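Everything below concerns the one structure shown next.
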Amino acid sequence: MNLNTSEAVALVEILQQATPDSIRALSACGRLRCLAKGEHLFLDKEPVEHLYIVISGFVTLYTVDPQGEKKVIFLLDKGKLINEAVLQGLPASINCEVFEEAQVLCFDRQEFLRVMEQDFALTKSVLDSLAMKVRRLYRQMKNTPNSVRGDKRIAAKLWKLSRDYGVPCASGTKIKLDLSITYLADMLGSRRETVSRQLKILAGQGLIQVNDGQITIPDREKLSKYFKLP
367 MNLNTSEAVA LVEILQQATP DSIRALSACG RLRCLAKGEH LFLDKEPVEH
417 LYIVISGFVT LYTVDPQGEK KVIFLLDKGK LINEAVLQGL PASINCEVFE
467 EAQVLCFDRQ EFLRVMEQDF ALTKSVLDSL AMKVRRLYRQ MKNTPNSVRG
517 DKRIAAKLWK LSRDYGVPCA SGTKIKLDLS ITYLADMLGS RRETVSRQLK
567 ILAGQGLIQV NDGQITIPDR EKLSKYFKLP
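Take 367 as the starting number for the sequence shown in the numbering used here and just add one per residue.
Have a look at this one:
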């Protein structure tokens, strides 16, 4: 997708709340970056001076625990702000890796703040984006490994992915992501072997189908009932 900065700004819903003057200013100071799968946009504890927004593709925000285990916190797609926390002026507190080839809109932190100072609607949109991330974190904390059985956690995650990234197909709803078992394990903070075993349990009950890294949900309502059962 070959876009100029003005066209990229026009694609971001959160920026459409800004005034025409703000949109012109953002179009003038923004720039586009193309990143390959597996490339890092920034690393934990690294100084970051740019605010990033996904224009196409997917990026992952993840942490690494003291044992070196990777835990995916967010998977972000088109129109999502990646690092609102950069506006605080502190080093990054999370890692950002490209999940699928992506195009990212970049703004210098100070320049973006100057635009925000003159535009309350834009400021509120950024705060709303950050608040949504906080709410998602609350839900993740509620579904910690000690409080929910592993197969139900996977079922809940696949149901959500099918809602956000699913496309109808002959056999149900296909999650339009290349989901490896390793990546699912990273999303859940579990071991690969455990996730593989629990996927087989779900497949054995007809709740999911796994073919060449593609996961299909035959009946989303049935899957929802499964992870909600006590």
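Backbone N, C-alpha and C define an ideal beta-carbon position, used for all residues, glycine too. The structure displayed is predicted, hence computed values, not measured ones.
Considering only C-alpha positions, which residue in the set 555, 528 and 368 is nearest to residue 543?
The shortest C-alpha separation from residue 543 is found at 528.
Tell me whether the beta-carbon of residue 403 lies closer than 8 Å to the beta-carbon of residue 466.
yes
Helix or strand or just coil, what does DSSP make of residue 533?
Correct three-state label for residue 533: strand.
Say whether chain D places a C-beta atom closer than 8 Å to the C-beta of residue 475.
Given the protein chain composition of this structure (a single chain), no chain D is represented.
Quick one: is residue 507 buried, meaning 16 or more other Cβ sit within 10 Å of its Cβ, or exposed?
exposed
Just to confirm the assignment, what range does the alpha helix (DSSP H) spanning residue 387 have?
386 to 395
Segments of 4+ residues assigned as alpha helix (DSSP H) that fall wholly inside the stretch 477 to 521
486 to 508
Are the stretch 407 to 414 and the stretch 436 to 444 touching, with three or more C-beta to C-beta distances below 8 Å?
no
Neighbourhood of residue 569 by C-beta, 8 Å cutoff - its chain only, sequence neighbours within 5 removed
575 and 576
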